[in-house]
Amino acid sequence: MEIKQAEFSLSAPMVSMCPKDTKAEYAFIGRSNVGKSSLINMLTNNRKLAKTSATPGKTLLINHFIINKEWYLVDLPGYGYAKRSKKEIDRLDQMIRGYILQRDQLANVFVLVDIRLEPQKIDLEFIEWLGVSSIPFSIVFTKADKLSATKVHQSVETYKKTLSEQWEEMPPMFITSSESKTGRTELLDYIDSINKSLA
332 MEIKQAEFSL SAPMVSMCPK DTKAEYAFIG RSNVGKSSLI NMLTNNRKLA
382 KTSATPGKTL LINHFIINKE WYLVDLPGYG YAKRSKKEID RLDQMIRGYI
432 LQRDQLANVF VLVDIRLEPQ KIDLEFIEWL GVSSIPFSIV FTKADKLSAT
482 KVHQSVETYK KTLSEQWEEM PPMFITSSES KTGRTELLDY IDSINKSLA
């Protein structure tokens, strides 16, 4: 798939205020500072589309971007950012879960995971919740350029081993780097295949 057009559509504080049309939506989510904005900008070939920040946890709304006027890329707030009040964490959690559970147009959730880290409890719990809720999802490993090819392979195998304790079947997995554009073609082709299956 070639992205010819990527435009900001709207930011919504709750699922009821998301776009009213029925185009397929692909949501991107991960722990704060996982490199979500950089990945979105890399996928869309637009370095200014999603706001990147040195401060984690800047995304506080459900941000919709319309791609090729055909489907939406959805930037969800990160989870697990400690420097927030409990009230704000709860509000964001409700917003994220409300969107994921109630949005009929949601075709897939891409869970972003920093490939340099051991499997994190908060990511594993979120992945488990998606599975229990029957939400289609994939795992996207970010920052692969920061490790050697051997370490990347080891890290993915460790993740698979951890998931295999709970899962009989592995979800689709993608290895990406916003710096080197690794995984861009694979991710976009995967989205394209889902779009075609929905048509």
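In this text, residue positions in the sequence shown follow this note's numbering: the first is 332, and each later residue adds one.
Glycine is no exception: its CB is placed at the ideal position from the N, C-alpha and C atoms.
Roughly how many angstroms lie between the CA atoms of residue i and residue j, to the nearest whole one?
{"i": "S342", "j": "E401", "result": "18 Å"}
{"i": "D424", "j": "N364", "result": "17 Å"}
{"i": "I466", "j": "S479", "result": "32 Å"}
{"i": "L407", "j": "I334", "result": "21 Å"}
{"i": "D352", "j": "E456", "result": "31 Å"}
{"i": "Q436", "j": "F359", "result": "14 Å"}
{"i": "R422", "j": "M348", "result": "16 Å"}
Who are residue i's beta bridge partners in DSSP?
{"i": "H395", "result": "L341 and V405"}
{"i": "M504", "result": "I470"}
{"i": "F441", "result": "F359 and S469"}
{"i": "Y410", "result": "R362"}
{"i": "L513", "result": "The question names Leu, but residue 513 in the sequence shown is Thr. According to DSSP, which records beta bridges pairwise, T513 is partnered with S508."}
Thinking C-alpha only, which one of the options is nearest residue i?
{"i": "G429", "options": "R415, S479, L478 and I393", "result": "I393"}
{"i": "S469", "options": "Q336, Y357, K418 and M426", "result": "Y357"}
Could you check whether residue j and residue i sit closer than 8 Å to each other, using their CB atoms as the reference points?
{"i": "G514", "j": "I525", "result": "no"}
{"i": "A438", "j": "I398", "result": "no"}
{"i": "I453", "j": "F472", "result": "no"}
{"i": "K382", "j": "G409", "result": "no"}
According to DSSP, is residue i part of a helix, a strand, or is it coil?
{"i": "V365", "result": "coil"}
{"i": "E459", "result": "helix"}
{"i": "M332", "result": "coil"}
{"i": "L448", "result": "coil"}
{"i": "S464", "result": "coil"}
{"i": "E499", "result": "coil"}
{"i": "R434", "result": "coil"}
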